[in-house]
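Chains as they are written, first to last, in my numbering: chain W, 22 to 235; chain F, 22 to 235.
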């Protein structure tokens, strides 16, 4: 695809470098911005650049947070960690911010989070030293944490990460749990894979806990 | 979806305002940029803004073109219009730059283009005055154009646009043609709609013209 303008081509390349966006989609996005006012395109570009430059990461859980304008010199704390009404003794360990947002939108969890920044995956060259384990272990030591809820994807990598953490933990009184694995609400039994089905049979629960509205 | 940072939220909103990008995809793109260097995100933003501010439109065919650094004061001409080896007597009328790129990539057309910027569509409130008809009629008058190839989408709006132009044209010796409509190469006869099939029967051609490699 030969574009008649170098500027246009640069913009298409920039969009096409993003994940899941091909050259045709990139061209469609660029032509959309070309139809808009120049102000809007400038604003779009500035918003993206500003986000990357100014966004901060929580010094405690590694969640993103905005800079505190009242205390610019103190280590940044996200809105969840700085919320005194949330239970600091329960930490939900997640992979990244998308998982945090998913759990937050259930409105059912009142503890705090810890973002590992990924899971241990030798295939992708991600070892424990690339993830935020040290700050997690430090938090467990200092904050008197009672429970670690491992909300990682149910994959080999996720399980390896849970296993690694359980071996690293030197506090025997900290309970490590994982979110329940089983059949989704609205799921169809006949299409569920054998592993999930056999595990959900083995880990069966009293029927009262399955009711949606208790 | 509640995001923990205003900056992040702004960036997600900016991406989600683009066509075909929802909030979840926007968040994925933003998190990708967040993982990159700050320089890269700044460069991304600048590339987009610069494209919108500096890109020019050809004064003749309305194609996009870069500013001519040698002659900054002359009206901008795109690489196709300024190419002397292209036949200025044949103009291919297209809707927008995407159609131009599609035709250019066939490497079969040696004439020039004219971008209308859309098609007449009363439903969307687009009338003839919103499209680049005046410059087209002026070109036909001044350049001794012999043929207008209407390469518009085969829709009611496309046909209306062709009809409007044929009525507006005051030069009876200019030939107006449309690109052939019929069955695509590799298409399956049984799935072709009745209108296309009946038209392609009526407009049948000597078999030699169907051969791909003549």
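Idealized CB from N, CA, C, for every residue including glycine. This structure is a prediction, so every number in the text was calculated from the model and none was measured.
Could you tell me the distance, in whole angstroms, from the CA atom of residue i to the CA atom of residue j?
| i | j | result |
| --- | --- | --- |
| residue 205(W) | residue 229(W) | 16 Å |
| residue 179(F) | residue 70(F) | 32 Å |
| residue 97(W) | residue 39(W) | 28 Å |
| residue 165(F) | residue 83(F) | 19 Å |
| residue 196(F) | residue 35(W) | 42 Å |
| residue 115(W) | residue 214(W) | 24 Å |
| residue 159(F) | residue 58(F) | 50 Å |
| residue 61(F) | residue 79(W) | 22 Å |
| residue 86(W) | residue 76(W) | 6 Å |
| residue 208(F) | residue 173(F) | 21 Å |
| residue 65(W) | residue 47(W) | 15 Å |
| residue 55(F) | residue 154(W) | 20 Å |
Span of the beta strand (DSSP E) holding residue i?
| i | result |
| --- | --- |
| residue 195(W) | Neither: residue 195(W) is in no beta strand (DSSP E) and is coded neither H nor E. |
| residue 109(W) | 108-115 |
| residue 170(W) | 168-171 |
| residue 136(W) | 132-136 |
Consider the Cβ of residue i: report whether some Cβ of chain F lies at a distance smaller than 8 Å.
| i | result |
| --- | --- |
| residue 86(W) | yes |
| residue 145(W) | no |
| residue 249(W) | Coverage of chain W is limited to positions 22 through 235, which leaves residue 249(W) absent and any answer about it impossible. |
| residue 223(W) | no |
| residue 49(W) | yes |
| residue 67(W) | yes |
| residue 76(W) | yes |
| residue 162(W) | no |
| residue 98(W) | no |
| residue 239(W) | Absent from the structure is residue 239(W), since the part of chain W shown begins at 22 and ends at 235. |
| residue 80(W) | no |
| residue 178(W) | no |
Using a C-beta cutoff of 8 Å, does residue i count as contacting chain W?
| i | result |
| --- | --- |
| residue 105(F) | no |
| residue 25(F) | yes |
| residue 83(F) | no |
| residue 141(F) | no |
| residue 116(F) | no |
| residue 174(F) | no |
| residue 31(F) | yes |
Counting along the chain, where does the alpha helix (DSSP H) carrying residue i start and finish?
| i | result |
| --- | --- |
| residue 179(F) | 177-189 |
| residue 66(W) | 59-75 |
| residue 264(F) | Any property of residue 264(F) remains undetermined from this structure, which presents chain F solely from 22 to 235. |
| residue 30(F) | 27-37 |
| residue 46(F) | 44-56 |
| residue 156(F) | 154-164 |
| residue 119(F) | 118-125 |
Does residue i pass the burial test, meaning 16 or more other C-beta atoms within 10 Å, or should it be called exposed?
| i | result |
| --- | --- |
| residue 81(F) | buried |
| residue 212(W) | exposed |
| residue 175(F) | exposed |
| residue 25(W) | buried |
| residue 226(W) | exposed |
| residue 144(F) | exposed |
| residue 32(W) | buried |
| residue 141(W) | buried |
| residue 73(F) | buried |
| residue 127(W) | exposed |
Can you find a heavy atom of the ligand COA that lies under 7 Å from the Cβ of residue i?
| i | result |
| --- | --- |
| residue 170(W) | For the structure depicted, the ligand COA is absent and the ligand set is empty, with no information on it obtainable. |
Using a cut-off of 8 Å between C-beta atoms, extract the partners of residue i located in chain B.
| i | result |
| --- | --- |
| residue 53(F) | The structure shown has no chain B; the protein chains it does contain are W and F. |
Stretch-stretch touch, CB-based, cutoff 8 Å, three pairs: the stretch 28-47 of chain F with the stretch 66-85 of chain F: no
With contact counted as at least three CB pairs below 8 Å, one residue from each stretch, are the stretch 97-115 of chain W and the stretch 101-113 of chain F in contact? no
If we count Cβ pairs, one from each stretch, closer than 8 Å, do we get three or more for the stretch 107-122 of chain F versus the stretch 133-141 of chain F? yes
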